[in-house]
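Asker: Pasting a structure here, questions to come.
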Amino acid sequence: MPELPEVETVRRGLAPAMEGARLVKVEARRPDLRFPFPKDFAKRLAGQTVTGLGRRAKYLLADLSSGEVLLMHLGMSGSFRVEKSGESATPGEFHYPRGEAGKHDHVIFRMSSGYTVIFNDPRRFGFMKLIPRGRLEEEPHLAPLGPEPLGNRFDAETLAQSLAGKKTSLKAALSDQKVVAGLGNIYVCEALHRSHLSPKRKASTLADRKSGPNDMTRSLVDAIRFVLNEAIKAGGSSLRDHRQTTGELGYFQHHFRVYDREGTNCTTPGCKGKIKRIVQTGRSTFYCPVCQR
DNA sequence: CCGCGGGCCTGAGAGC
DNA sequence: TGCTCTCAGGCCCGCG
-13 MPELPEVETV RRGLAPAMEG ARLVKVEARR PDLRFPFPKD FAKRLAGQTV TGLGRRAKYL
47 LADLSSGEVL LMHLGMSGSF RVEKSGESAT PGEFHYPRGE AGKHDHVIFR MSSGYTVIFN
107 DPRRFGFMKL IPRGRLEEEP HLAPLGPEPL GNRFDAETLA QSLAGKKTSL KAALSDQKVV
167 AGLGNIYVCE ALHRSHLSPK RKASTLADRK SGPNDMTRSL VDAIRFVLNE AIKAGGSSLR
227 DHRQTTGELG YFQHHFRVYD REGTNCTTPG CKGKIKRIVQ TGRSTFYCPV CQR
């Protein structure tokens, strides 16, 4: 499910419920998600205070007073919702505190703030893991990640450098979390359209080794930043699973220019193209064959 | 080393 | 209505 904007939306929704609050009771309602839960998972968490809630790429990191970090990933279909003591955040939709846990509600955090935080994940591609803060650098999920696209270490120079010598398509390269961390299928497609670059273009053609990055690379960096920022403002994109922690939908899907818009007219001013769907490395790519070169 | 295809899971939607 | 098939926002592993 979630790419960077959805995960950031989730982080912002969870922060008021979790930051500075103690985990009063933790419940893992099954033995595993993508991986088995750590040994004594619930017991180790109970009583800890969440001192901060951060994000790296598509991962959430809750800093704990114990000195450990709770690393959480939403996989394809994971979502969190926050409910206040006995009341559902969206009336009529969620009722955990009053009744039974819903289907696929796998982890429940009862917070001293009076909020209950519930992790739901039908496909169970998500996971939770506890890591000592000192070993965060070597954590296998985090160590290989490239720069944060919204951070200042991501620019045309670094992007050009990581694309140099890459034989794959631009689409595949941008989906690679080592190149830039946090993009997925949707936002790669959207950023490429907005920078008028073809997903089929060889990645290395963006890197001009002698004279440094070219205008194409610059416009791609700008498009990536723009699209992600706009999507965060919109609360992410809700296609199937993504919800904000209140249960509300995100609405960036209404701003898609190519994703899931096969056959529609290209929205680039003056462009007469129609959006096309192709398959690259096993995933759908949407683009305009006319204005994306 | 690199790039690709398969697999992990469940659910939604299309077509018959 | 109900079956079967395809596809889905991520990521890891093994193969060539």
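To convert, note that position 266 of the first sequence is 252 in our numbering; the numbers rise steadily by one, no gaps.
Idealized CB from N, CA, C, for every residue including glycine.
#1: Going by the CB atoms, is the gap between V68 and G(-1) shorter than 8 Å?
#2: In angstroms with no decimal places, state the Cα-to-Cα distance between K29 and F95.
#3: Give every residue of the same chain whose Cβ lies closer than 7 Å to the Cβ of H90, excluding the five residues on either side of it in the sequence, and list them in chain order.
#4: With A209 and A177 assumed to form a contact (beta carbons below 8 Å), what rounded beta-carbon distance in angstroms separates them?
#5: Just tell me which of L183, F23, K258 and G33 has its CA closest to the CA of S98.
#6: According to DSSP, is S190 helix, strand or coil?
#7: May I have the straight-line CA-CA distance separating C257 from V276, to the nearest angstrom?
#8: When the Cα of D225 is compared with those of R41, S63, G53 and R15, which residue comes out closest?
#9: Between A193, E13, E216 and C252, which lies nearest to H182 when the distance is taken from Cα to Cα?
#10: Would you mind sorting K25 into buried or exposed? The rule is 16 or more other CB atoms within 10 Å of its CB.
#11: Is it buried or exposed for G40, if we count other Cβ within 10 angstroms and need 16 for buried?
#12: Under the three-state reduction of DSSP, which class applies to Y45: helix, strand or coil?
#13: Would you kindly work out how many angstroms separate the C-alpha atoms of R20 and R110, rounded to a whole number?
#14: Mapping the DSSP letters down to three states, classify Q278 as helix, strand or coil.
#15: Looking at the structure shown, is N138 part of a helix, part of a strand, or coil, going by DSSP?
#16: Measure the C-alpha to C-alpha separation of P17 and G112 and round it to an integer number of angstroms.
#17: Check whether the segment 8 to 15 and the segment 231 to 246 touch, using three or more Cβ-Cβ pairs below 8 Å as the test.
#18: Quick check on D18: does DSSP put it in helix, strand or coil?
#19: Should the segment 182 to 193 be called in touch with the segment 147 to 157, which here means at least 3 C-beta pairs below 8 Å?
#20: Kindly give me the distance between the Cβ atoms of R(-3) and H92, rounded to whole angstroms, as I take these residues to be in contact under 8 Å.
#21: Tell whether a beta-carbon distance below 8 Å holds between L47 and L57.
#22: When burial is assigned at 16 or more other CB atoms within 10 Å of the CB, is E143 buried or exposed?
#23: Per DSSP, which one or two residues make a beta bridge with P118?
#24: Whose C-beta lies closer than 8 Å to the C-beta of T76 among residues of the same chain, with five residues either side of it excluded?
#25: Output needed for K152: all residues of its chain with C-beta closer than 7 Å, excluding positions within five of it in sequence on either side, in chain order.
#26: Can you give me the C-alpha to C-alpha distance between R84 and L128, rounded to a whole angstrom?
#27: From V55 to M114, what does the alpha carbon distance come to, in whole angstroms?
Answerer: According to the structure data:
#1: Taking 8 Å as the Cβ cut-off, G(-1) and V68 qualify as a contacting pair.
#2: 12 Å
#3: N106, D107 and P108
#4: 4 Å
#5: G33
#6: Note: S190 maps to helix in three-state DSSP.
#7: 7 Å
#8: Residue identity check: residue 225 is Leu in the sequence provided, not Asp. Of the listed residues, the one whose Cα sits closest to L225 is S63.
#9: Checked all of A193, E13, E216 and C252; the closest Cα to H182 is C252.
#10: exposed
#11: exposed
#12: strand
#13: Distance from the CA of R20 to the CA of R110, rounded to the nearest whole angstrom, comes to 6 Å.
#14: In this structure, Q278 counts as coil in the three-state DSSP scheme.
#15: In the structure shown, N138 sits in coil (DSSP, three-state: anything other than H, G, I, E or B).
#16: About 13 Å.
#17: Short answer: they don't touch.
#18: strand
#19: yes
#20: Incorrect: roughly 19 Å between the Cβ atoms, too far for contact.
#21: Cβ distance < 8 Å, so L47 and L57 count as in contact.
#22: exposed
#23: E54
#24: Residue placement at T76 cannot be trusted, given a pLDDT of 46 that sits under 50; what the coordinates show is reported in the next sentence. The answer, listed in chain order, is T232, G233 and E234.
#25: A159, A189 and S190
#26: Residue confidence for R84 is low, a pLDDT of 46 falling below 50, so the modelled location carries little weight; the figure read from the coordinates is stated next. Taking the straight line joining both Cα atoms gives about 37 Å.
#27: 10 Å
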